[in-house]
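Following the numbering used here, the numbering of the sequence shown begins with 737 at its first residue and continues without gaps.
Below: one structure, written as structure tokens.
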Amino acid sequence: MGHHIDSPRAAGTTRRDVLGMAAVLLAGGALSAGAAAPESDEELDGSCATTYDAEFESALADGDAEFPETPEDDERGLAAAGPRRFTLPLRRRYRVTARYGVRGNWLAGHHTGIDLAVPRGTAVYAVGSGVVVLARWSGAYGNAVTVRMPDGHYAVYGHLSRIRVRKGARVRAGTRLGSSGSTGRATGPHLHLEIRARRHYGSDVSPYRYLARRGARLW
């Protein structure tokens, strides 16, 4: 993206960016059935045009390699997590402004996460246990935290205004990771939650289905 991953840049607006953002906004607007109506207009607009970011993927690979998982760690983590020890990433009302999988101008061809619009500064929590393999400025994802979970999936929490955990930290479901924001490629404050079956971009799965199968429903 032409900038170092450690520091944000003022993103210029290109036709590609406009098309990507438009696709996100047109696909959004679905209110979470499990959440009450938003309290302010600020909650209505937050969404993103997050797409493949080579520097983020490289930093994620390095962070993942820095904390290799052992079979003993996997067993301990899975036992601690339990079959239903998962939770939602937010504990207040939110609005789904871009659903997972909607087609658009992303390199993957679809929105790789789900966008949950909330006011800036809303607490963001880990959906499951795991190790933090990256917690830093992450290009298009803005300030982001990536957690590798015991089942081998990765959870990316993007566009945070503040990060409260460090790389290498072991977290449980419900550990506070940071606060929502609009850093990176975002149109307003929200949480971009992305679940990957593997570390690589394009291995994403539905956050709704992933969490629902573990007892935590987004709506």
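Positions of the beta carbon are idealized from the N, C-alpha and C atoms, including for glycine.
Return the first residue and the last residue of the alpha helix (DSSP H) that Glu728 is part of. Only positions 737 to 955 of the chain appear in this structure, which leaves residue 728 out of reach.
If I'm right that Val869 touches Gly799 with Cβ under 8 Å, what's the distance once you round it to whole angstroms? Position 133 of the sequence shown, counted from the start, is the residue given in the question as residue 869. Position 63 of the sequence shown, counted from the start, is the residue given in the question as residue 799. Rounded, the Cβ-Cβ distance is 4 Å, consistent with contact.
Host beta strand (DSSP E) of Leu870 (start-end): Working through the sequence shown from its first residue, we reach residue 870 at position 134. Gly866 to Trp873 is the span of the beta strand (DSSP E), which, as asked, contains Leu870.
Collapsed DSSP secondary structure at Ile929 in the structure displayed: For the purposes of this step, residue 929 is taken as the residue at position 193 of the sequence shown. The residue asked about is misnamed: residue 929 is Leu in this sequence, not Ile. In the structure shown, Leu929 sits in a strand (DSSP, three-state: E or B).
Pull up the distance between the alpha-carbon of Asp789 and that of Arg821, whole angstroms please. Position 53 of the sequence shown holds residue 789. Position 85 of the sequence shown holds residue 821. Distance between the alpha carbons of Asp789 and Arg821 is about 31 Å.
The alpha helix (DSSP H) that contains Arg945, what's its start and end? In the sequence shown, the residue the question calls residue 945 occupies position 209. Taken as a continuous stretch (DSSP letters only), the alpha helix (DSSP H) holding Arg945 covers Pro943 to Ala948.
Just how far apart, CA to CA, sit Ala801 and Arg935? Taking the first residue of the sequence shown as 1, we reach residue 801 at position 65. Taking the first residue of the sequence shown as 1, we reach residue 935 at position 199. Spanning the two alpha carbons is a distance of roughly 11 Å.
Tell me whether Tyr937 sits in a helix, a strand or coil according to DSSP, three-state version. The residue given as residue 937 occupies position 201 in the sequence shown. Coil.
Give me the Cα-Cα distance between Gly910 and Arg828, rounded to the nearest whole angstrom. On the sequence shown, position 174 is the one that residue 910 refers to. On the sequence shown, position 92 is the one that residue 828 refers to. When rounded, the distance between both Cα atoms is 13 Å.
Option in Thr823, Trp955 and Ala795 with minimal Cα separation from Ser865: Sequence index remark: in the sequence shown, residue 865 carries index 129 (1-based). Considering only alpha carbons, the answer is Thr823.
Tyr890 by DSSP, collapsed to three states: which one? For the purposes of this step, residue 890 is taken as residue 154 along the sequence shown, with counting starting at 1. If DSSP states are grouped into helix, strand and coil, Tyr890 belongs with the strands.
Please classify Ser794 as buried or exposed, where buried requires at least 16 other C-beta atoms within 10 Å of its C-beta. To locate residue 794, count along the sequence shown from 1; it is residue 58. By the beta-carbon neighbour count (other beta carbons within 10 angstroms, threshold 16), Ser794 is exposed.
Let's test the definition: count the other Cβ atoms within 10 Å of the Cβ of Arg884 and tell me whether it reaches 16, buried, or not, exposed. Position 148 of the sequence shown, counting from 1, holds the residue named residue 884. With a threshold of 16 other beta carbon atoms within 10 Å, Arg884 meets it and is buried.
Could you name the residues that DSSP lists as bridge partners for Ser915? Residue mapping note: residue 915 aligns to position 179 of the sequence shown, counting from 1. DSSP lists Ala859 and Arg898 as partners of Ser915.
Any idea which residues DSSP pairs Val881 with across the strands? Position 145 of the sequence shown, counting from 1, holds the residue named residue 881. Among the bridge pairs identified by DSSP, Val881 is matched with Ala871 and Tyr893.
Suppose you measure from the CA of Trp873 to the CA of Gly857; what does that come to, to the nearest Å? Counting from 1 along the sequence shown, the entry for residue 873 is found at position 137. Counting from 1 along the sequence shown, the entry for residue 857 is found at position 121. Distance between the alpha carbons of Trp873 and Gly857: 17 Å.
Examine the Cβ distances between the stretch 895 to 911 and the stretch 936 to 945 and report whether three or more of them are shorter than 8 Å. Cβ pair count under 8 Å is below three, so no.
Straight-line CA distance for Ala948 to Glu791? Locating residue 948 in the sequence shown gives position 212, where the first residue counts as 1. Locating residue 791 in the sequence shown gives position 55, where the first residue counts as 1. Using only the alpha carbons, I get a separation of about 32 Å.
Going by the CB atoms, is the gap between Leu929 and Pro855 shorter than 8 Å? Here residue 855 corresponds to residue number 119 of the sequence shown, with the count starting at 1. Here residue 929 corresponds to residue number 193 of the sequence shown, with the count starting at 1. No, they are not a contact pair.
Taking all protein chains shown into account, do 16 or more other C-beta atoms lie within 10 angstroms of the C-beta of Arg839, making it buried, or fewer, making it exposed? In the sequence shown, counting from the first residue as 1, residue 839 sits at position 103. By the 10 Å Cβ count, Arg839 comes out exposed.
Determine, using beta carbons only, whether Gly894 and Gly878 come nearer to each other than 8 Å. Translated into positions along the sequence shown, residue 894 becomes position 158. Translated into positions along the sequence shown, residue 878 becomes position 142. Yes, Cβ-Cβ distance for Gly894 and Gly878 is below 8 Å.
Beta-carbon gap between Thr848 and His926 smaller than 8 Å: In the sequence shown, the residue the question calls residue 848 occupies position 112. In the sequence shown, the residue the question calls residue 926 occupies position 190. Not in contact: Thr848 and His926 (Cβ atoms no closer than 8 Å).
Measuring CB to CB, does Val860 end up less than 8 Å from Phe803? Within the sequence shown, the letter at position 124 stands for residue 860. Within the sequence shown, the letter at position 67 stands for residue 803. Not closer than 8 Å, so no.
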